[in-house]
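Residue numbers (this note's numbering), protein chains in the order written: chain A, 5 to 221; chain B, 290 to 537. Beta carbons are placed, not taken as given, at the ideal position from N, Cα and C, and that holds for glycine. Because the structure is a prediction, the values reported are computed rather than measured.
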Amino acid sequence: MTIDWGIIFKSIPLLGHGVVVTLQVSALASVLGLMLGVVLGLCSLSHSRALRWIVAGYVDFIRGTPLLIQIFLVFFALPALGVRFDEFWAGVVALSLNSAAFVAEVVRGGVGSIERGQSEAATAIGMRHRQILIYILLPQAYRQMVPPLTNELISLVKNSSLLSVISVYELTRAGQAIISVHFVPFEIYTLLAVYYYVLIKVLSWLSGRLERRLPTW
Amino acid sequence: MVTPVIQVQDLSKSFGDNSVLRRVSMDVATGETVVIIGASGSGKTTFLRCLNRLEEPGAGTIRLDGNPMVNSGSEKLIADQRSQFGFVFQRFNLFPHFSALDNVAIGPEKVRGMSKSDARALAAAELKRVHMSDHVMKRPVQLSGGQQQRVAIARALAMKPRVMLFDEPTSALDPELVQEVLDVMKELANGGMTMVVVTHEMNFAREVADRVIYMENGRIAEEGPPEILFREPKSPGAQRFLRHLNHE
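What follows is the structure, given as structure tokens:
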């Protein structure tokens, strides 16, 4: 077997555009997923049984179904209900919804791990449940939450390759486009693996730095 | 006759089959310092926690300034009611992510709705009252146990409570740090604050208490002014308890 080095050198810059889209999708989905996930996580700690039940059902659904099906649901099924996104935003929405469920669990676990005396002390000065969650427990849970959240971010970047199936022109789709013209699967899929590997390495280096800077008290 | 600040009538509480409080009744007058003593498991901490409803009372009524405390209704009403009691915990329970100043300011700001600057000004004044003015910007982890407990006292005082409740406030402290906390409590008592204190510090009880209550098996077994209760306890339980303490 011979390796087509020419196509590899030609592809390196061509895939750059895909990297940009992968990063855009991942950044948007992680921010939206984080925001929605924190809200869901706090809801799952609320005193309202209905809210807790809704969040538990949502998390159960996301964890119990493949991400690929969730992507199809957002892209192909939601339009039937009148909610229509283009490929890019369908991808962002699907990844956000998926990520939010995991973030919600991290928030619930993190806040739940804070020692009981903290909420008792806040209760004793007359703070209400919601205030205690937001001002006392959530900030203290930040430390425990960061490592699982950065893991979730890394999964999200890897999962974004699935968006190639709905033609989001991210890294994987960009590679497939080259393959379909030149038929060089070995070179391009290997190159894609290297691209993802480097992306993930950079992210885990950054999250390692972040984790070292976490407050200690 | 002046209405007592707290009127407790037939307060009972059990955890499962374990009956912790059995029809406890007592009044606390304005400005009075009541010290509750008793062996561990006698129900004194639970009694204190029922007063501000950190524990839900099982039966009985608690009145604050003559008004019965509600046990249902809006969360806001219950929280407001609770904030009439200042509570000091054995383990301080300061908020580790806040400075001493913000530990004290958070209540006035979030519960009383004061502006951040007003709340901080009030917090600074309360910290001064417990002699912690030199440490306002420190985090709890940078403070000794005694200093942390004084910040916790300031945090409770900042809510302008009608009554201060202390749950073994010096039990978690190294011996050399106990006195600074007791001194602050003594100043409060002398300043006219109404206080209910659960403690094993008998010297504090002797010096500061207007009345000492001895609890046993979830009941008030004996009560009286410290000079009488300590000198000639009538109930066998109190006699035994005090004899053990003296031999320590």
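Whether residue i touches residue j by CB criterion (8 Å)
| i | j | result |
| --- | --- | --- |
| glutamate 476(B) | alanine 447(B) | no |
| valine 485(B) | isoleucine 442(B) | no |
| glycine 37(A) | leucine 99(A) | yes |
| glutamine 74(A) | asparagine 382(B) | no |
| proline 429(B) | proline 385(B) | yes |
| leucine 366(B) | glycine 332(B) | no |
| lysine 427(B) | tyrosine 139(A) | no |
| glycine 61(A) | alanine 108(A) | no |
| arginine 132(A) | glutamate 364(B) | yes |
| phenylalanine 378(B) | aspartate 456(B) | yes |
| glycine 22(A) | glycine 179(A) | yes |
| arginine 451(B) | leucine 337(B) | no |
| glycine 327(B) | glutamate 505(B) | yes |
| valine 29(A) | valine 96(A) | yes |
| glycine 434(B) | alanine 461(B) | yes |
| isoleucine 129(A) | glycine 396(B) | yes |
| isoleucine 58(A) | leucine 101(A) | no |
| leucine 153(A) | valine 115(A) | no |
| valine 317(B) | threonine 488(B) | no |
| arginine 112(A) | glycine 45(A) | yes |
| isoleucine 136(A) | threonine 127(A) | yes |
| serine 308(B) | glycine 507(B) | yes |
| glutamate 511(B) | alanine 498(B) | no |
7 Å Cβ shell around residue i - same chain, five flanking residues per side excluded
| i | result |
| --- | --- |
| isoleucine 12(A) | Glu191, Leu195 |
| histidine 424(B) | Ala389, Leu432, Gln436 |
| proline 151(A) | Glu215 |
| serine 34(A) | Ser103, Leu157, Leu160 |
| arginine 418(B) | Ala443, Leu446 |
| histidine 186(A) | Ile11 |
| asparagine 341(B) | Arg371, Phe374, Phe376, Leu454 |
| serine 168(A) | Glu174, Thr176, Arg177, Gln180 |
| glutamine 63(A) | What sits at residue 63(A) in the sequence shown is valine, not glutamine. Ala105, Ala108, Glu109, listed in sequence order. |
| serine 208(A) | Ile158 |
Extent of the continuous beta strand (DSSP E) to which residue i belongs
| i | result |
| --- | --- |
| glycine 349(B) | 348–353 |
| leucine 300(B) | 295–304 |
| arginine 312(B) | 307–317 |
| alanine 498(B) | That residue, alanine 498(B), is in no beta strand (DSSP E); it is neither H nor E in DSSP. |
| threonine 322(B) | 322–326 |
| alanine 447(B) | Alanine 447(B) -> no beta strand (DSSP E), and no H or E assigned at all. |
| glutamate 512(B) | 508–513 |
Proximal residues to residue i (C-beta, below 6 Å), its chain only, five neighbours per side dropped
| i | result |
| --- | --- |
| arginine 312(B) | Asp299, Ser301 |
| glutamine 370(B) | Met358 |
| glycine 481(B) | Gly320 |
| alanine 348(B) | Ser301 |
| leucine 531(B) | Pro522 |
| valine 43(A) | none |
| glutamate 91(A) | Ile170, Ser171, Val172 |
| arginine 88(A) | none |
Residue i: first and last residue of the uninterrupted alpha helix (DSSP H) it sits in
| i | result |
| --- | --- |
| arginine 132(A) | No alpha helix (DSSP H) contains arginine 132(A), which DSSP labels as neither H nor E. |
| glutamine 468(B) | 464–479 |
| isoleucine 75(A) | 71–76 |
| threonine 459(B) | Premise fails: threonine 459(B) is in no alpha helix (DSSP H) and is neither H nor E. |
| methionine 484(B) | Element bounds for methionine 484(B): not the alpha helix (DSSP H) but the beta strand (DSSP E), 484–487. |
| tyrosine 62(A) | 53–68 |
| methionine 39(A) | 9–47 |
| glycine 93(A) | Residue identity check: residue 93(A) is tryptophan in the sequence provided, not glycine. Run containing tryptophan 93(A): 91–116, per the alpha helix (DSSP H) assignment. |
Cβ neighbour criterion (16 or more within 10 Å) applied to residue i
| i | result |
| --- | --- |
| isoleucine 7(A) | exposed |
| isoleucine 325(B) | buried |
| isoleucine 170(A) | buried |
| asparagine 163(A) | buried |
| asparagine 392(B) | buried |
| proline 458(B) | buried |
| leucine 534(B) | exposed |
| tyrosine 199(A) | buried |
| leucine 203(A) | buried |
| leucine 141(A) | buried |
| valine 501(B) | buried |
| glutamate 490(B) | buried |
| arginine 134(A) | exposed |
| serine 48(A) | buried |
| tyrosine 201(A) | exposed |
Residue i: CB within 7 Å of a non-hydrogen atom of the ligand FMN
| i | result |
| --- | --- |
| valine 111(A) | Because no ligand of any kind appears in the structure shown, any question about the ligand FMN cannot be addressed here. |
Same chain only: Cβ atoms within 8 Å of residue i, ignoring 5 sequence neighbours per side
| i | result |
| --- | --- |
| proline 219(A) | Tyr146, Arg147 |
| glutamate 516(B) | Arg495 |
Runs of 4 residues minimum, wholly inside the stretch 334–409 of chain B: which ones carry the alpha helix (DSSP H) assignment? 364–371, 389–399
In the stretch 156–208 of chain A, which residue ranges form an unbroken beta strand (DSSP E) of at least 3 residues, counting only runs that do not cross its ends? none
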